[in-house]
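For the sequence shown, the residue numbers in numbering that gives the first Met the number 0 are 0 to 115.
For reference, the structure discussed in these notes is given below.
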Amino acid sequence: MLKYNTDKQALYNFVRERQEELRSLDQTDLMALFSLIGEQKRLQKIMEQTECGEGFNLCKAIDDLIADGVRQGNDEGEERLSSLISLLIKMQRIDLVEQVACNRELRRKLYKKYNL
C-alpha cells in the first residue's frame with residue numbers, strides 16, 4: 000500500500016484487487032496501514048461510523064476518503080478565489096475580476112503574486 004500512497008486511484012485499485020485479504024485484517028492492522036499511508040485520522044472516523052470486521056469495506060472507506068478530499072479541495076479553492084476577488088475589488092481592479100474568473104493561468108499568477 001505504501002507504493003500507492005501518493006496515487007489514490009492506484010491505492011483504490013490495489014485495495015479492490017486484494018479485498019478479501021484486507022478484510023481479514025483486524026482493526027489494529029488496519030490502523031497501522033492507515034498510519035503508513037498518512038490517512039489514519041480520516042479513515043479512523045470512517046471506521047468508527049462503520050461496523051469493522053467482516054462488514055468493513057476498505058474500498059468504501061477509501062471512496063469516502065477520496066470524496067472527503069475532493070470536498071475539502073473544492074472548499075479551499077472557493078475560499079482562495081473569493082479571497083483573490085475581494086483583494087482585486089479592494090485594489091479597485093474590477094477589470095481583472097472577470098479575467099480571473101475565465102483565465103486559469105492569470106488566476107495562478109495572481110495567487111502566487113498575492114500569496115494566496
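Note that CB positions come from ideal geometry on N, CA and C, so glycine has one too.
Note that this is a predicted model, so its numbers are computed, not measured.
Helix, strand or coil: which one does DSSP assign to residue i?
{"i": "T5", "result": "coil"}
{"i": "Y110", "result": "helix"}
{"i": "L35", "result": "helix"}
{"i": "M90", "result": "coil"}
{"i": "D67", "result": "helix"}
{"i": "G52", "result": "Model confidence at G52 stands at a pLDDT of 48, short of 50, so the residue's coordinates are unreliable; what they give is reported in the following sentence. Helix."}
{"i": "R17", "result": "coil"}
{"i": "D62", "result": "helix"}
{"i": "L95", "result": "helix"}
So, is residue i buried or exposed, given that buried needs 16 or more other C-beta atoms within 10 angstroms?
{"i": "V69", "result": "exposed"}
{"i": "E53", "result": "Residue placement at E53 is flagged as unreliable, the pLDDT there being 48, under the threshold of 50; the coordinate-derived value follows with that caveat. Exposed: under 16 other Cβ atoms inside 10 Å."}
{"i": "L35", "result": "exposed"}
Rounded to whole angstroms, how far is the Cβ of residue i from the Cβ of residue j, which I believe are closer than 8 Å?
{"i": "V14", "j": "L24", "result": "That pair is no contact at about 11 Å."}
Is there a Cβ from chain C that is less than 8 Å from the Cβ of residue i?
{"i": "D28", "result": "In the structure shown, chain C does not exist; there is a single protein chain."}
If we count Cβ pairs, one from each stretch, closer than 8 Å, do we get three or more for the stretch 79-87 versus the stretch 103-115? Judged by Cβ distances under 8 Å, the stretch 79-87 makes contact with the stretch 103-115, as three or more pairs qualify.
Does the stretch 59-68 come into contact with the stretch 97-107, if we say contact requires no fewer than three beta-carbon pairs (one atom in each stretch) closer than 8 Å? The stretch 59-68 makes no contact with the stretch 97-107, as fewer than three CB pairs between them are under 8 Å.
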